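Structure first, then comments.
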Amino acid sequence: MTNLLDKNKTSEKLSEIAHLMRRASFGASPLELESLINIPYEDLVDSLIDFDSSDSIDEFTLTRYHPMIDRPSHLGNNHVGLEWLYRMVNTSNPLEEKMALFWHYVFATGNSKVESSIQLNEQIKMFREYGLGSYRDLLKKLARDPAMLYWLDNTENHKKAPNENWGRELLELFSMGAGNYTEEDVFECSRAFTGWTVSPKIHWLLWGPHLWEFEYKPEDHDYGEKTFLGRKGNFNGDDIIDIIVQEPACHKFIMRHLYNFFVADEPQVPAWPIDPPQDQDAIDYLCDVFVKENFQMKPVLRAMFNSEFFKKSKFKKIKSPAEVVVGTFKLTEDMNGPDPRWSYFADQTTFMGQALFDPPSVEGWHTGKEWVNSGSFINRVNFMSDQFKNINSPGIIDLITRLKNSNIQSETEFLDKCLEFVGYFTLNDTSRSEIEAEIISRNLLEFNDINQNRFGLDLAEVFSLIAGTREYQFG
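Reading the sequence shown from the start, the letters are residues 40 to 514 in our numbering.
What follows is the structure in structure tokens.
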């Protein structure tokens with residue numbers, strides 16, 4: 040009885056760690072989970088948040104095998120998408136990449152218009168550097184980001200002819216949400232950002248696409264008095280942001296984004312003015328921390344990951360394509376070294392409905408249930424199935440070894456081991472019965488008498504069935 044209780048306690052702890060690693064990272068292999076089991080939960084949260092700024096990514100190998108990732112290009116997102124996926128899989132600072140992805144959702148900027156994937160990569164680098172710091176500072180960096188200024192036409196925002204695109208989206212999608220400002224606020228906000236534009240870092244006559252940099256043109260700035268959100272003054276762009284971050288609507292909007300990304304799926308952003316949060320108390324709690332800590336993101340993340348509402352949110356979020364792809368590679372450990380398939384891997388999120396560096400609009404991607412339709416679901420399952428069939432990948436070799444070294448007596452125990460491998464998932468009775476029947480039909484309990492290759496391929500079919508369940512789409 041004592042051994043059974045200890046085993047259950049260990050499984051519960053590993054399940055809790057697996058949940059944290061799916062959300063604060065992109066998942067973890069069984070070996071990684073086991074290496075973390077003796078670390079107190081709060082200390083593990085601290086280690087994810089207070090990481091060393093240096094990273095262990097082998098950029099030399101990546102550039103050597105894929106030199107195009109280091110060149111400005113308007114031809115597509117594949118190479119920079121490849122670099123980012125490689126980082127997501129191999130980084131020693133997973134929350135840094137997860138927060139960069141979060142801000143890419145909120146501050147959606149697309150290569151379909153910018154036509155410079157490497158310029159967009161500079162934006163992602165900015166998210167890495169400032170994404171866990173002050174939200175106020177991040178907004179000010181964003182307002183000077185060349186890709187964003189071009190994406191939302193602030194390069195066309197002039198003193199004598201204001202363009203409201205950046206000003207409107209700053210309020211509607213990046214800070215406060217629809218319904219919390221007036222059309223006059225949009226116009227006055229836009230006036231404050233006149234003269235904020237971009238220029239090429241090198242002379243424009245030199246051939247080819249090049250990086251841009253922020254340029255302020257004082258002669259094109261409107262220095263007149265402005266009235267914004269009830270305040271009057273000769274405001275510039277920084278003043279506008281200082282006012283925005285003091286607004287309760289801003290706190291609620293950004294914290295709801297954080298809840299939607301890390302805790303549980305919310306309705307799509309356009310519905311937020313109508314549909315209240317599913318857990319208003321959780322949003323209020325995060326807002327209190329956000330304001331108390333002067334809009335710093337680290338204390339908010341720490342409070343969120345340690346909260347009971349987070350711990351109870353297992354499998355309440357449908358995995359994004361990026362989470363599906365990276366999470367699969369975290370299990371198989373098959374994107375850790377040079378491989379010509381990397382470019383193919385970089386396309387997989389696009390096939391599933393999420394082209395990194397190219398969201399469908401400034402509103403970003405619709406999340407939750409809209410990640411999964413008949414086409415994207417097939418791509419999700421086929422991708423995972425293909426990876427699990429690679430029986431020479433380190434993660435699959437480890438799984439086969441674990442199964443063979445376990446004293447498994449039934450198809451139920453066999454399936455439980457498989458579910459532990461993919462992150463301590465649970466299945467409904469119907470799914471379990473169907474997969475257990477497949478385990479029996481393939482004689483997988485007789486693994487000592489089966490050829491290793493045959494066993495690996497049959498095992499991959501079991502994982503294909505797991506990947507095809509409704510439950511496995513959640514993370």
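Think of the CB as a built atom: it goes at the ideal place given N, C-alpha and C, for glycine as much as any other residue. From a predicted model like this one, the values you see are computed outputs, not experimental measurements.
Along the length of the region 195 to 234, whole beta strand (DSSP E) runs at least 3 residues long do not occur. Under DSSP, P315 forms no beta bridge with any residue.
Pairwise C-beta distances place the region 168 to 188 in contact with the region 201 to 217, as three or more of them are shorter than 8 Å. Of the candidates L159, S214 and I357, I357 places its Cα closest to the Cα of F416. Residue pairing by DSSP puts I357 in a beta bridge opposite F513.
Less than 8 Å separates the beta-carbon of D261 from that of K198.
Listed as beta-bridge partners of Y80 by DSSP are no residues whatsoever. When Cβ pairs closer than 8 Å are counted between the two stretches, the region 377 to 394 is seen not to touch the region 433 to 453, the count staying below three. The beta carbons of N418 and F390 sit closer together than 8 Å. Cα atoms of N132 and G272: separation of roughly 42 Å, rounded to the nearest angstrom. With respect to G170, W190 sits apart: the two C-beta atoms are not nearer than 8 Å.
Across the structure, I280 and G172 are spaced so that their CA atoms are roughly 16 Å apart. I435 sits buried, since 16 or more C-beta atoms from the chains shown fall within 10 Å of its C-beta. Your pair W205 and S238 does not check out as a contact, with CB atoms roughly 17 Å apart and the cut at 8 Å.
For the 8 Å CB-CB criterion, F427 and S503 form a contact. By the Cβ test, the region 389 to 405 is not in contact with the region 334 to 342, since fewer than three Cβ pairs between them sit closer than 8 Å.
Looking at the backbone, the Cα of G462 and that of G507 are separated by about 15 Å. Under the three-state reduction of DSSP, W404 is assigned to coil, being neither helix nor strand.
In terms of Cβ geometry, G216 and P312 form a close pair [threshold 8 Å]. Between D318 and P306, the C-beta gap is not smaller than 8 Å, which leaves the two residues out of contact. Its Cα nearest to that of S413, the residue R509 stands out among R509, F464 and K351. Using a 10 angstroms sphere on the CB of Q158, the tally of other CB atoms reaches 16 or more, which defines it as buried. R270 carries a strand assignment under DSSP once its states are collapsed to helix, strand and coil.
By the 16-neighbour rule on beta-carbons within 10 angstroms, D468 is exposed. Apart from sequence neighbours up to five positions away, the residues of its chain that approach Q491 with a beta-carbon distance below 8 Å are I430 and I439, ordered along the chain. Residue range W381 to F390 is occupied by the alpha helix (DSSP H) that includes F390, with no beta strand (DSSP E) assigned at that position. Straight through space, the alpha carbons of L268 and F274 are spaced by roughly 12 Å.
Bridge partners of P239 according to DSSP: W251. A distance of 8 Å or more separates the beta carbons of L484 and D497. Contact check for V225 against G403 fails: the beta carbons are separated by 8 Å or more. DSSP places Y298 inside the alpha helix (DSSP H), whose first and last residues are P287 to F301.
Classified as exposed, D425 has fewer than 16 neighbouring CB atoms from the shown chains inside 10 Å of its CB. Here I76 has T49, K52, L53 and I56 as same chain residues with Cβ atoms under 8 Å from its own Cβ, once five neighbours each way along the sequence are excluded. When the five nearest sequence neighbours on each side are left out, the beta carbons in the same chain lying within less than 8 Å of the beta carbon of L72 are those of L53, I56, A57 and M60, in order along the chain. With distances taken between CA atoms, E227 lies nearest to K265 out of R380, F354, N202 and K265. The C-alpha of D278 is placed about 41 Å away from the C-alpha of V364.
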